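Peer 1:
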Amino acid sequence: MRCANCGGKLILKNGVGVCTNCGARQAIDHIFENIDVFLCYIENDAQGRRTKDSIIASDIFQKLEAKKVDVFYEHISAADAVGDDLINLRYNAINKAKIVLIIGTQDNYFEKLLATYSEYFGNKIIIPVYSEMRPESMPHDIRKLQALNYDAIGADIDLTNGVLNLLGRSQEIDVEERKARARKKKIIVGIVSLCILFVSVVAGFVLFGPPPTKENNEPQLTSQEIYDAAQKLMNDGKYIEAATMFKTISGFKNSKTFIKNIYNRYDGYYQTEDLNILFYINIQNGKTVEVFLERLVDGNKKVRLEESTTLTDDEFELSFIDSQSNSGKIKIKLIDTGIVITTSMENTLETISIGNIDLEFSLQQRTDTPEERDISSDIITSWMRERITLNELKQSGYEIEFVRMMPAGGGINEHAKTYRIANTDIQLLVMDFDLSKTTDYDAMSNNLLDDYAVCAVIAPAEVIAPQDIGKSGNIYQESDILYYPGVTSFQLTGGPGYSVDFYKEITAMNTIQKDTLIGVTSKILMGEYNYDSLYNSLRKETLSNSIIIDFSARKNIDIEVQSSNEPECYILQENDENILVAAFMWGQSTVTYYTGNLKSLNYSLVKTIDVGFPISGSDALDEWKKYPEDFGEFITEQS
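Taken in order, the sequence shown gives residues 1 to 639; the numbers are from this note's numbering.
(1) Do LEU318 and the ligand NAD come close, with the Cβ less than 6 Å from some heavy atom?
(2) In the structure shown, what three-state DSSP assignment does ASP619 receive?
(3) What do you get for ALA97, buried or exposed, if any count of 16 or more other CB atoms within 10 angstroms of its CB means buried?
(4) With a threshold of 16 other CB atoms inside 10 Å of the CB of PRO628, please say whether the residue is buried or exposed.
(5) What runs of the alpha helix (DSSP H), each 4 residues or longer, lie entirely inside the region 97-152?
(6) Do you know whose CA, among GLY596, GLU568, LEU101 and MET585, lies nearest ASP576's CA?
(7) Give every residue of the same chain whose Cβ lies closer than 6 Å to the Cβ of SER308, excluding the five residues on either side of it in the sequence, and list them in chain order.
(8) For the region 571-588 against the region 541-549, do three or more pairs of beta-carbon atoms, one drawn from each stretch, fall closer than 8 Å, so that the two count as touching?
(9) What is the DSSP secondary structure of PRO460, reduced to helix, strand or coil?
(10) Relative to the C-alpha of ASN648, which residue among LYS523, ILE475 and LYS540 is closest?
(11) Looking at the unbroken beta strand (DSSP E) that takes in ARG404, where does it start and where does it end?
(12) Please specify which runs of the beta strand (DSSP E), each continuous and at least 3 residues long, are wholly inside the region 503-570, giving them in chain order.
(13) So who's on the other strand from ALA485, going by DSSP bridges?
(14) Please classify THR257: does DSSP put it in a helix, a strand, or coil?
(15) Please report the residue range of the alpha helix (DSSP H) in which PHE246 lies.
(16) Could you say which of TYR419, SER250, VAL37 and GLN491 lies nearest to PHE121 if we only look at CA atoms?
(17) Take VAL297 and list the residues in its own chain whose beta-carbon comes closer than 7 Å to its own, dropping the five residues that flank it on each side.
(18) Among GLN573, GLY519, SER604 and ILE579, which has the Cα closest to the Cα of PHE551?
(19) In the DSSP assignment, the beta strand (DSSP E) including MET431 goes from what residue to what residue?
(20) Taking the alpha helix (DSSP H) that MET444 belongs to, which residues open and close that run?
(21) Starting from the C-beta of GLY338, find all residues in its chain whose C-beta is less than 7 Å away, skip the five residues before and the five after it, and write them out in chain order.
(22) How many whole angstroms separate the CB atoms of ASP267 and ILE283, which I take to be in contact at a CB cut-off of 8 Å?
(23) If you check the beta carbons only, do LEU164 and ALA155 fall under 7 Å apart?
(24) CB-CB under 7 Å to TYR594, same chain, minus the five flanking residues each way: which ones, in chain order?
(25) Any contact of the region 125-133 with the region 97-113, i.e. 3+ C-beta pairs under 8 Å?
(26) Note down, in chain order, each residue of its chain lying with its Cβ closer than 6 Å to the Cβ of GLU623, except the 5 sequence neighbours on either side.
(27) Got a sec, what are the start and stop residues for the beta strand (DSSP E) LEU318 sits in?
(28) For ASN565, which residues from the same chain have a beta carbon less than 8 Å from its beta carbon, with the 5 sequence-adjacent residues on both sides left out?
(29) On a CA-only basis, which of ILE426, ILE341 and TYR484 is nearest PHE316? Give me that one, please.
(30) Measure the alpha-carbon distance for PHE433 versus SER533 and round it to whole angstroms.
(31) Going by C-alpha distance, which of ILE142, LEU159 and ILE153 is nearest GLU65?
(32) In whole angstroms, what is the alpha-carbon distance linking LYS232 and LYS287?
(33) In terms of residue numbering, what span does the beta strand (DSSP E) encompassing ASP236 cover?
(34) Inspect the beta-carbon positions of ALA456 and VAL500 and report whether they are closer than 7 Å.
(35) What are the boundary residues of the alpha helix (DSSP H) that includes ILE379?
(36) Using C-beta distances below 8 Å, list every residue in its chain close to PRO567, excluding the 5 sequence neighbours before and after it, in chain order.
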């Protein structure tokens, strides 16, 4: 931030910019009046460390600043700001900016940025800038935009020039840079021409014999003849040979398009029948290759590698280091009918690795998305037994859709969100801290995870508990796994125990049906304190809901129809086994008292008492204390 008077550095004090040079004071709105670009990124990771995203933003900031583009880069532009001052700076800057660059190296970073800033995008020019990830991993709303791969050669120049063009300053693009590009283009054209000439001679020699000499006066093939021959090869299913021939005349007619289309046939995902090996390949414009290979080891341990290279031949080899730090080589050969993949390990440091693989995928096995593993009750139970992260779910082939950040108090908001497994009714509540060790805010801050992990699931009964269809719809637990039928969504409890919770409408449900949604969590994921607190709370809620339904039926009230005066239910007293509940309606003079058993979840009506005046406050609910013969157990507890 610079002073409009003298260009000196501005620091923020009490929400006002103060120049360290001349002492001038400027309002925040004025500071960002002429802002050109807002760099939208995650500054720190869950452990408070500076992110790779911030470093990329720094590089972009320096290059744009060198072109005298006014940029808001939080690490420098708001270095002295904290708390509300920092928040005000961010939103004022993005509100004034003409262009927003969304920078990310992880899909969950992009999702968090969208959740925080998307309402401010409006009619601004939005440019996603990604690094170290595949573009299809970005959220759907971003994938619709033209994104820039910052890992590509010359991406920084393309981005800088693109911004200048969008700001109407294309005439300022460096002349020397243009000349350098022109020289580079001439060199490339010259090399390509020599290659084409050489390959053309070789291709002609192979297909039609040696070039004409005094003894051999056969004419050389024309580009049209090579083009026609390549098309015939392609029509005969000899795609690789066809691509080789098209490359010799890549500037002729639509040969480049044919080359691109031939290699596009291979793009996509391939999986073995047992789903233990997943392979992904993407060939961009017939030139750049990205490959991803993942192997499931020992039933549930995943090892992966991800590499990229320039496509120079239809068979190529890459060195890799897998996710377990083991090194090796992967050979990939493109054939007319599919892809042959071979891996060989060179240095195995860990007990699990990609290992030695030798397999062939046919093009018939290619899909646009990985095949999803069938989700069963056993799989969900395994998620309750072992913490599974979002990335592990995605790497297992599940397509995960972001739903929302979870609202709650006590600072938990930014640490919890919900997802949905695509094309299913399965919802996931994830948190980026170890809930099993968290009972307050400090504990949460001290137990942050590197990735969001599943801590609760909502799924239909036919998926999550098919064995319980037709049974009672009350809450129950099995082997320290809690099942809560009839829920619709997640809630959060913020402090003192940061806990999972479920939202359930008050509705009559006698038995579990196939499509009944059941909320599930476990003591392993939540920790004993949080789990026991939630289980006790939901048992009381179950009894209270049952009592509301019974009370409404006695009053001939349809609980499905919203009303300005609906039945209320208060828990007045409780002990280890039973609770005392008051059911009533505001403005009426009678209170109906029930007792409920926390173990059996059965309840019974004890007494209806007329308090003698319209109920307008909770004091009217204490009439039960006058009847020790009916409520002796709770009167004793109270004393």
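By construction, the Cβ of each residue, glycine as well, lies at the ideal position given by its N, Cα and C atoms.
As the structure is a prediction and not an experimental result, all values here were calculated from the model.
Peer 2: Taking the coordinates as given:
(1) Because no ligand of any kind appears in the structure shown, any question about the ligand NAD cannot be addressed here.
(2) As a first step, residue 619 must be located in the sequence shown, where it is residue number 619. ASP619: helix per DSSP, three-state reduction.
(3) Start at 1 with the first residue of the sequence shown, and residue 97 comes out as number 97. When all chains shown are included, ALA97 counts as buried.
(4) As a working note, residue 628 is residue 628 in the sequence shown. Exposed is the call here.
(5) 107-117 and 140-143
(6) To locate residue 576, count along the sequence shown from 1; it is residue 576. The candidate whose alpha carbon is nearest that of ASP576 is GLY596.
(7) Within the sequence shown, numbered from 1, the residue matching residue 308 stands at position 308. GLU290.
(8) yes
(9) The residue you call residue 460 lines up with position 460 of the sequence shown. Here PRO460 sits in strand by DSSP.
(10) It is not possible to answer for residue 648, since the shown part of the chain is limited to 1 through 639.
(11) Within the sequence shown, residue 404 is the residue found at index 404, counting from 1. Here the beta strand (DSSP E) through ARG404 covers 400-405.
(12) 517-522
(13) Taking the first residue of the sequence shown as position 1, residue 485 is located at position 485. Looking at the sequence shown, residue 485 is not Ala but Pro. ILE518, per the DSSP bridge assignment.
(14) Here residue 257 is taken as the residue at index 257 of the sequence shown, counted from 1. It is helical.
(15) Here residue 246 is taken as the residue at index 246 of the sequence shown, counted from 1. First-last of the alpha helix (DSSP H) with PHE246: 239-248.
(16) Counted from its first residue, the sequence shown places residue 121 at position 121. Nearest of TYR419, SER250, VAL37 and GLN491 to PHE121, Cα basis: VAL37.
(17) To locate residue 297, count along the sequence shown from 1; it is residue 297. The answer, listed in chain order, is VAL303 and ILE352.
(18) Indexing the sequence shown from 1 puts residue 551 at position 551. Residue SER604 is the option with its Cα nearest to PHE551.
(19) Taking the first residue of the sequence shown as position 1, residue 431 is located at position 431. MET431 -> beta strand (DSSP E) spans 427-433.
(20) As a working mapping, residue 444 is identified with position 444 in the sequence shown. That run of the alpha helix (DSSP H) goes 441-446.
(21) Taking the sequence shown and counting its residues from 1, one reaches residue 338 at position 338. Around GLY338: GLU360, PHE361, SER362 and LEU363.
(22) Taking the sequence shown and counting its residues from 1, the one referred to as residue 267 is at position 267. Taking the sequence shown and counting its residues from 1, the one referred to as residue 283 is at position 283. 6 Å between Cβ atoms; contact.
(23) Here residue 164 corresponds to residue number 164 of the sequence shown, with the count starting at 1. Here residue 155 corresponds to residue number 155 of the sequence shown, with the count starting at 1. Taking 7 Å as the Cβ cut-off, LEU164 and ALA155 do not qualify as a contacting pair.
(24) Within the sequence shown, the letter at position 594 stands for residue 594. Result list for TYR594: ILE547, VAL581, ALA583, TYR603, SER604, LEU605 and VAL606, in chain order.
(25) yes
(26) Here residue 623 refers to the residue found at position 623 when the sequence shown is read from its first residue. ILE609 and VAL611, listed in sequence order.
(27) The residue you call residue 318 lines up with position 318 of the sequence shown. 315-321 is the extent of the beta strand (DSSP E) around LEU318.
(28) Along the sequence shown, read from residue 1 onward, the residue named residue 565 stands at position 565. MET585, TRP586 and GLY587, listed in sequence order.
(29) Translated into the one-based positions of the sequence shown, residue 316 becomes position 316. Nearest of ILE426, ILE341 and TYR484 to PHE316, Cα basis: ILE341.
(30) Indexing the sequence shown from 1 puts residue 433 at position 433. Indexing the sequence shown from 1 puts residue 533 at position 533. About 19 Å.
(31) Here residue 65 is taken as the residue at index 65 of the sequence shown, counted from 1. Comparing Cα positions, the closest option is LEU159.
(32) Looking up residue 232 in the sequence shown gives position 232. Looking up residue 287 in the sequence shown gives position 287. Their backbone Cα atoms lie some 23 Å apart in a straight line.
(33) In the sequence shown, the residue the question calls residue 236 occupies position 236. ASP236 -> no beta strand (DSSP E), and no H or E assigned at all.
(34) Against the sequence shown, residue 456 aligns to sequence position 456. Against the sequence shown, residue 500 aligns to sequence position 500. Yes, Cβ-Cβ distance for ALA456 and VAL500 is below 7 Å.
(35) Taking the sequence shown and counting its residues from 1, the one referred to as residue 379 is at position 379. Looking at the DSSP string, the run of the alpha helix (DSSP H) that includes ILE379 is 377-385.
(36) Taking the sequence shown and counting its residues from 1, one reaches residue 567 at position 567. Taken in chain order, the residues that qualify are ILE548, PHE551, SER552, LYS555, ILE557, ILE559, ALA583, PHE584 and MET585.
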